[in-house]
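Asker: Supplied in structure tokens, the structure appears directly below.
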Amino acid sequence: MTKKTHTVLVQGPVTPVFISDSIAKHSGKTEIGAHAIFLGQVRKDNKENNNVINIEYSAYNEMAENAFHEIREAAFLKYPMVCMHIYHSLGLVKAGEISLFVFVSCKHREKSFEALQYIVDEIKANVPIWKKENYEDGVYKWI
Amino acid sequence: MTKKTHTVLVQGPVTPVFISDSIAKHSGKTEIGAHAIFLGQVRKDNKENNNVINIEYSAYNEMAENAFHEIREAAFLKYPMVCMHIYHSLGLVKAGEISLFVFVSCKHREKSFEALQYIVDEIKANVPIWKKENYEDGVYKWI
Amino acid sequence: MKSKQILNTMKIKLLFFGALTDVIGAQEQMIDMDDNLDITYLNLDMLARYPSLSNFKYKIALNKIVVNKDQKLKDGDEVAFLPPFAGG
Amino acid sequence: MKSKQILNTMKIKLLFFGALTDVIGAQEQMIDMDDNLDITYLNLDMLARYPSLSNFKYKIALNKIVVNKDQKLKDGDEVAFLPPFAGG
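Protein chains in written order, with the working numbering: chain A, 474 to 616; chain B, 474 to 616; chain C, 3 to 90; chain D, 3 to 90.
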């Protein structure tokens with residue numbers, strides 16, 4: 474079940490067009506019956522009367538790519554997926570834009586939801602990525 | 474939490490472009506932090522050495538729209554969703570094309586996976602839709 | 003004068019879905035029935051007219067709501083024969 | 003001749019992420035350390051140089067793997083100071 478290493482980290486937001494292109498590329502994989510997709514979107518959180526304008530993502534790149542690879546390997550052992558893709562932003566992503574795209578494809582739907590949740594939870598827990606929330610008035614906060 | 478009735482049934486496949494347009498429309502809803510999406514794709518199943526070429530979906534339309542509306546109401550009571558959309562195909566959908574698009578958007582990710590699974594399971598169980606699998610050699614089979 | 007003659011007639015619309023459209027050879031039928039009959043009667047009548055219907059599992063919806071067979075029918079009702087759902 | 007003088011020196015690359023880049027004022031530092039020292043020693047040295055570091059939670063990775071502090075260091079090692087991860 475070992476799959477080749479994928480580059481997961483992408484500069485800037487994940488665009489809706491990138492997502493639809495990814496979906497369209499799977500129309501030739503006609504053994505797939507179910508796609509489960511997670512998209513992380515930057516919230517315009519309001520803290521102390523100040524709105525988040527964007528988030529700046531940074532990573533320990535090589536360690537992060539290793540962590541994504543391990544998550545991928547573990548997920549393929551655990552769940553009956555036909556294929557799986559992860560894309561995570563680096564750099565600036567504005568409120569309303571997408572910073573994480575997890576794409577799980579299975580023959581049947583049953584396990585796809587659990588696989589999706591597992592992968593997203595693993596990313597949040599085990600990948601060395603940090604975010605800096607930039608606010609409208611110019612201050613910032615590390616998360 | 475009552476939301477207006479949406480028209481769910483669409484003619485032909487749900488296209489990747491329709492999906493990306495739907496995602497893009499949510500960039501203004503900046504309280505959303507997590508989208509969970511399910512896509513049902515028509516499999517080219519092989520049965521008795523015969524490949525599925527397409528599926529023809531038919532519905533008891535008005536009863537189906539009522540059922541979708543009830544699923545929607547129940548889901549909003551059960552899960553903390555910001556918004557939710559369902560699109561289901563009628564008519565011909567070729568192998569590799571998408572016939573079901575469920576789009577759940579929440580402030581936080583935690584409940585989004587369970588909400589997505591709940592809605593997809595409810596659709597499969599409670600919406601009066603039927604499918605006719607058409608095979609390459611011209612025969613068909615009702616599912 | 004027999005009581006039968008003062009009975010009114012109901013017009014009932016029948017709808018068939020999925021594999022049942024092949025069994026019946028139609029998606030829709032209009033039928034006339036005597037007043038006061040219920041879905042059990044209608045169903046038995048259909049089984050008599052289309053014996054192969056007994057090979058299929060189906061539920062019956064009255065005016066778009068799945069009902070038990072003891073429901074009485076009235077003029078203008080819509081009765082749908084629904085094989086197991088298969089959306090998605 | 004004291005034993006200290008025959009010790010070799012190790013070059014260690016330090017990396018800082020997230021809020022720690024602000025504490026240290028840099029993302030990267032190269033330091034020289036005496037041979038045979040471990041991560042505990044390095045960490046205490048950093049806390050002495052940057053006292054406000056004690057206000058932060060962080061793990062330490064040696065050559066891209068999170069390790070315990072008793073790990074010995076060697077020339078050319080890369081040591082990263084990692085605040086809690088916040089991907090997604």
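We put the CB at the ideal spot given by N, CA and C, even for glycine.
1) Do M48/C and F87/C have their C-beta atoms within less than 9 Å of each other?
2) Select from the segment 584-598 of chain B all residues with a C-beta closer than 9 Å to any C-beta belonging to chain C, and list them in chain order.
3) Is there contact between the segment 528-537 of chain B and the segment 575-587 of chain B, where contact requires at least three CB pairs shorter than 8 Å?
4) If the cut is a Cβ gap below 7 Å, which residues of chain D does G513/A touch?
5) Counting contacts by CB-CB distance shorter than 9 Å, is E570/A in contact with chain B?
6) Anything in chain D within Cβ reach of K604/A, meaning under 7 Å, just list it in chain order.
7) When we look at the beta-carbon of A598/A and count the other beta-carbons within 10 Å, is it buried (16 or more) or exposed?
8) Can you give the Cα-Cα distance for A568/A and N539/A, rounded to whole angstroms?
9) At a Cβ threshold of 9 Å, is K476/A touching chain B?
10) Does the beta carbon of A497/A sit closer than 9 Å to a beta carbon anywhere in chain B?
11) Mapping DSSP to helix, strand and coil, what is I505/B?
12) Closer than 6 Å by C-beta to D518/B: which residues in its own chain qualify, once you throw out the five before and the five after it? Chain order, please.
13) Which of the residues in the segment 53-67 of chain C, read from start to end, lie with their CB under 7 Å from any CB of chain B?
14) Name, in chain order, the residues that DSSP records as bridge partners for G513/B.
15) Using 9 Å as the limit for Cβ to Cβ distance, is Y560/B near chain C?
16) Would the segment 10-17 of chain D count as touching the segment 30-44 of chain D if we require 3 or more Cβ pairs under 8 Å?
17) Buried or exposed for R516/A, please, with buried defined as at least 16 other CB atoms from any protein chain shown within 10 angstroms of its CB.
18) For chain C, is any of its Cβ atoms less than 9 Å away from the one on S531/B?
19) Please list the terminal residues of the continuous alpha helix (DSSP H) segment that includes T23/D.
Answerer: So, to answer that:
1) Position 46 of the third sequence holds residue 48/C. Position 85 of the third sequence holds residue 87/C. Contact flag unset, no.
2) If the cut-off is 9 Å between Cβ atoms, the segment 584-598 of chain B has V593, I596, K597, A598 near chain C.
3) Counting C-beta pairs closer than 8 Å gives fewer than three between the segment 528-537 of chain B and the segment 575-587 of chain B, which falls short of the contact rule.
4) Here residue 513/A corresponds to residue number 40 of the first sequence, with the count starting at 1. The contacting residues are G90.
5) Translated into positions along the first sequence, residue 570/A becomes position 97. Closer than 9 Å: yes.
6) Taking the first sequence and counting its residues from 1, one reaches residue 604/A at position 131. A88, listed in chain order.
7) In the first sequence, the residue the question calls residue 598/A occupies position 125. Label assigned to A598/A: exposed.
8) On the first sequence, residue 568/A is found 95 positions in, with the first residue counted as 1. On the first sequence, residue 539/A is found 66 positions in, with the first residue counted as 1. Rounded to whole angstroms, the separation of the alpha carbons of N539/A and A568/A is 28 Å.
9) Numbered from 1 along the first sequence, position 3 holds the residue referred to as residue 476/A. Confidence at K476/A is low in this model, with a pLDDT of 47, below 50, so its placement is unreliable and no value can be given for it.
10) Sequence index remark: in the first sequence, residue 497/A carries index 24 (1-based). Yes, A497/A counts as interfacial toward chain B.
11) For the purposes of this step, residue 505/B is taken as residue 32 along the second sequence, with counting starting at 1. Reduced to three states, the DSSP call for I505/B is coil.
12) For the purposes of this step, residue 518/B is taken as the residue at position 45 of the second sequence. Excluding sequence neighbours, D518/B sits near V525.
13) Under the 7 Å Cβ criterion, the segment 53-67 of chain C contributes A63, K66.
14) Counting from one through the second sequence, the residue named residue 513/B turns up at place 40. Paired residues: A507/A, L573/B.
15) For the purposes of this step, residue 560/B is identified with residue 87 of the second sequence, where counting begins at 1. So, not an interface residue.
16) Counting Cβ pairs under 8 Å, three or more are found: they touch.
17) Here residue 516/A refers to the residue found at position 43 when the first sequence is read from its first residue. R516/A comes out buried.
18) The count along the second sequence starts at 1 and reaches residue 531/B at position 58. Residue contact check for S531/B against chain C: a CB pair falls below 9 Å.
19) Translated into the one-based positions of the fourth sequence, residue 23/D becomes position 21. For T23/D, the enclosing alpha helix (DSSP H) begins and ends at 22-26.
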